[in-house]
Structures are given as C-alpha cells and as structure tokens.
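Please read the structure below before turning to the comments.
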Ligand SMILES: C[S@@+](CC[C@H](N)C(=O)[O-])C[C@H]1O[C@@H](n2cnc3c(N)ncnc32)[C@H](O)[C@@H]1O
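Protein chains in written order, with our numbering: chain A, 1 to 308; chain B, 1001 to 1158.
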C-alpha cells in the first residue's frame, strides 16, 4: 500500500525536512512505491545469461549505474521466473546491496568475515558471491525464528562458505575478522516506501531504544576486527541518533577507530548531519554517507566504513 | 559417530569417501569440486559441505549446506545438485518445458523413452535448458519429486 504525502506525521516532517536539499521531492518520494530490484547471484549465473532470458520472457529490466550485477524489475511476476526458482537471481532492495560493495576489494582474499546481524541474509548471500564461495563467513543473528529464513536463503544461492551462529552479538567470543558487517536493527524509517506501516508505530522516542543497542553493536563489531580490518556499519533509517551519533560514540570509546571516505561511482550520496539536538558530532563522522530516497529512487540508508 | 536408528557406525572420513565415490560414479562430479571445502557429519546421517576453516566456538547452528543424507545408501540433496548441476555428466534428465513446470511445482514426472535412454534408476538431476532444477528419484520410467516443499514454485517464466 502506498501512503499519501499528506498523511506523513507532522513530527516526522519537522524532524527530517530541514535535513534534506529538496523537501517536496523528499516527501513525494516517500509516498511512491519502491521499485523492485534483484541481484545476479554470480555463484550460479551471470548478468548476460539472466538479461538474455528475461528479454526472452518479455520482462523489462533496467540496469543500475553503480552496480553491474543489480537490476530494477517492476514486473511482480519476476518472482515466478525460473531464475528466481534456481537462485540465479536474489530479490534485494538496491540500497541493501551497498554494505558488501564497500568492501568488495578485500572480499576475494578475505579469510574470515563476520555478518553480525545477518538474518534474513541479503548481505550474507551477497558476501558469499563476492567471495566466490571461498574463505569463511560467520553469519550471526540473535533471533532464532529469523535464522530459518537465513538458512533458506543461503541454500537458495548455494553459499557453501558460511557458518550460521545464533547468539547475541554482545556475547560473541574474541576473534579476529578481516571484515565485519553490522547491518543494525533500526527504526527502519527508510523502508517507508515499501512498508507504510512504519508510520503506524513511529515516534521520535522509539529511536532511542535502537540507539542504545546500536552503540553496543558498533563497538563490539569494531573489537572483533583484526588490526587492519574493515567494518561497515549501516542502517535503513534517517534518525541521527541511530546513525551519526552511533558512529560518534564509537570514535569516542575506541580512539584507534578511523573512518574511510565512501564513494561509489554512479550513486548520489549526501553528507551527514553535523550536529543534532544541540550536540556537535566528531568531524570524522562526516566521512559517513546518507542516501536519501529521492536522489537515486531507492529506500533511505546510512553507511559508515571504519578501519582498525 | 553413531547414528540413531541404526547399528552401523560411520566415521566422518568414511562418509567423505563414500560421498565422493558416489558423486563421481553417479553424476561424474569429480573430487576437485569438493576439495576447497570440508564435509561435516551431523545427526541422522546428514552431511554438510562447508568451509575448511571453522572457528571453534559455541552456538554454531549450521555449517555450510546440506548436501546429502547417508543412511546406508547416499541420498543427494537438491542444494547440491543445484550448485554443481552444471558439472553433472551423467544421470541428468533433460526436461521438456511442461515437465519442468510440473517438477518445479512439486509433481512427479513421467519420462519419454528417449529421455530414459542413458539413465539408470536411482537419484537423478532434473535439468531444463542447461539450468539445474533439483533432485529426483528415477524408478520404472517415472521420477519421484525430491524438491523440499519450501522450494516448490508454480513457475510462469521458464
Ligand atoms: C536490519 S536486520 C538485518 C538484515 C540483514 N543484514 C539482511 O541484509 O538480510 C537486523 C537484524 O539484527 C538482529 N539483531 C538484533 N539485535 C541483535 C544482537 N544483539 N545480536 C545479533 N543480532 C541482533 C535482528 O534479529 C535482525 O535480524
């Protein structure tokens, strides 16, 4: 169901409109349904093969300027294609493909990678593909019920290099990972375009609960990195409390954490929020990026790339 | 390791050898396809293929993917035949379109004499247009559907 721009709660507008370059474009984009997308599962197929088959079906595909293996496909019937059945393609929202892409240069040679909040596995399946099914991925999630979906998706794509663990990341034993992905539980404001119900329970106070957990997760993720390792922290929400403030907290409590600039050819990213609620964030946080829905016709997203 | 409901004792090494032998003999899948990985034997004769390097830690739920069950005989999984299907050299059924649609939905499939010519009874790979679909069990000219229920799908584009 798509919502109408007029029914966006006033406190939500008041919070986020001042942060965007074009308020009307932002609000209008929120009430448009999110285009459906998929990723080529390179463990099983190639983009040439899939494009050719979809052309044969008469299903239109649009390429994505910043990722050669991503396609936008607005035909809901794509879910009934042979390629979906065999796992040659994996249905995944475009912005959700970004965290693994930020570390794609180190993945082919990586020995041990952690996906700390992994279920239902969009990032894990992509990591497996970018690693060519080599090395080891620990795919962890605290939720037993979501592990089922994770397992199903790993089977679907044929990810052999994975180990699923089911625990609170905070209780994870000491280890040395080459790369860590923390795709944190969040208030999911950026998914409004596919899930209007986010507004049913939305409140500015709700974000505080998430922020507390996120601050623990980001520090734990950093502690699990080997020296020289890279962590990506991401959320699909707009709240600075869950984004810049979380990264700021990491920089405060772990002085050896350094941020790396993020640039993805063909993707429009935006600067971070520099101060919020009267507090100024560490200037280093400005190397993180925001992705606003109206810039690339996607969901909303936040990304920080951290080096140890 | 001891398996429930059987008096037979089988070690992880034996299992690995048994599976490699079966895969080569039945499907022409050479050991080099498996050598980057390691086999893990779980309860009830379930065998997983996963990474060689697994940290020693508690609360591991699953390592790699279920590739076979060994209860006396070897029963390959749809996972395995989908992953390695492009390398399968024998006992693969080349399906007609309607047969492929029926198979993906979960139905059993009756084969034409020409399709049966090179097949031997036992587990087979179901293939359509070079795409591996999954595992079936051939007996008396018909293939019993071995697709797990959750993987079945009424396809519209194939
Ligand atoms: C945004 S979702 C992850 C989505 C997933 N990365 C994907 O791409 O499919 C956040 C996940 O974090 C998990 N989670 C929440 N708190 C956690 C904790 N303390 N330790 C581990 N996982 C946690 C939730 O169960 C949820 O599955």
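Idealized CB from N, CA, C, for every residue including glycine.
Ranking A/196, A/111 and A/127 by CA distance to the CA of residue 225 of chain A puts A/111 first. Here residue 1107 of chain B has 1145 as same chain residues with Cβ atoms under 7 Å from its own Cβ, once five neighbours each way along the sequence are excluded.
If you draw a straight line from the Cα of residue 242 of chain A to the Cα of residue 214 of chain A, it is about 7 Å long.
In this chain, the beta strand (DSSP E) harbouring residue 182 of chain A covers 177-183.
Within chain B, no residue has its CB atom less than 7 Å from the CB of residue 123 of chain A, the nearest being about 17 Å off. Where residue 234 of chain A is concerned, the enclosing beta strand (DSSP E) starts and stops at 225-235.
Sorting B/1027, B/1022, B/1060 and B/1045 by C-alpha distance to the C-alpha of residue 1012 of chain B places B/1045 at the top. Ligand 1 has a heavy atom closer than 7 Å to the beta-carbon of residue 121 of chain A. The CB of residue 1149 of chain B never comes closer than 7 Å to any CB in chain A; the least such distance is about 12 Å.
Contact check between the stretch 1066-1079 of chain B and the stretch 1099-1116 of chain B: fewer than three CB pairs, one atom from each, fall below 8 Å, which does not count as touching. Under the Cβ criterion of 8 Å, residue 1064 of chain B is counted among the residues facing chain A.
For residue 1092 of chain B, same chain residues with a beta-carbon under 7 Å away, outside a window of 5 residues either side, are 1124, 1125 and 1127 in chain order.
Along the stretch 1131-1143 of chain B, the positions whose C-beta sits under 8 Å from a C-beta of chain A are 1131, 1132 and 1133, read in chain order. The beta-carbon separation of residue 202 of chain A and residue 9 of chain A, rounded to 6 Å, stays under the 8 Å limit for a contact. Neighbours of residue 1153 of chain B in chain A, taken as residues whose beta carbon is under 8 Å from its own, are 80, 84 and 85 in chain order. Along the stretch 84-172 of chain A, the alpha helix (DSSP H) occurs as fully enclosed runs of 4 or more residues at 98-102, 122-130 and 144-157, listed in sequence order.
According to DSSP, residue 1092 of chain B shares a beta bridge with B/1125.
Here the stretch 1011-1027 of chain B makes no contact with the stretch 265-273 of chain A; the two share fewer than three CB pairs at distances below 8 Å. Within the stretch 24-79 of chain A, the complete alpha helix (DSSP H) runs of at least 4 residues fall at 47-57.
In this structure, residue 283 of chain A has its beta carbon at no less than 7 Å from each heavy atom of ligand 1.
Only those residues of the stretch 1045-1061 of chain B whose C-beta falls short of 7 Å from the nearest C-beta of chain A are listed: 1049, 1050, 1051, 1053, 1054, 1055, 1057, 1059, 1060 and 1061.
For residue 231 of chain A, there are no neighbours in chain B by C-beta distance under 8 Å, as the nearest C-beta there is about 18 Å away. Taking CB atoms only, residue 1123 of chain B has no neighbour in chain A less than 8 Å away.
Nearest C-alpha to residue 302 of chain A among A/45, A/272 and A/276: A/272. Any Cβ of chain B closer than 8 Å to the Cβ of residue 42 of chain A would place that residue at the interface, and such an atom is absent.
Using a cutoff of 7 Å, the CB of residue 174 of chain A does not count as near ligand 1, since none of the ligand's heavy atoms is closer than that. Distances from the CB of residue 96 of chain A to the heavy atoms of ligand 1 include at least one below 7 Å.
As summarised for the stretch 183-221 of chain A, the continuous alpha helix (DSSP H) elements at least 4 residues long and confined to that stretch are 198-201, given in chain order. Residue 184 of chain A is a Cβ neighbour of residue 233 of chain A, given a cutoff of 8 Å.
Using a cutoff of 7 Å, the CB of residue 185 of chain A counts as near ligand 1, since one of the ligand's heavy atoms is closer than that. The alpha-carbon of residue 1080 of chain B is positioned some 23 Å away from that of residue 38 of chain A. By the beta-carbon neighbour count (other beta carbons within 10 angstroms, threshold 16), residue 144 of chain A is exposed. Collapsing the DSSP output to three states places residue 1017 of chain B in a helix. The count of Cβ pairs closer than 8 Å, one atom from the stretch 1133-1144 of chain B and one from the stretch 1094-1109 of chain B, reaches three, so the stretches are in contact.
Shown here, residue 1146 of chain B sits in coil according to DSSP, grouped into three states, outside any helix or strand.
Interface criterion not met: the Cβ of residue 130 of chain A is under 8 Å from no Cβ in chain B.
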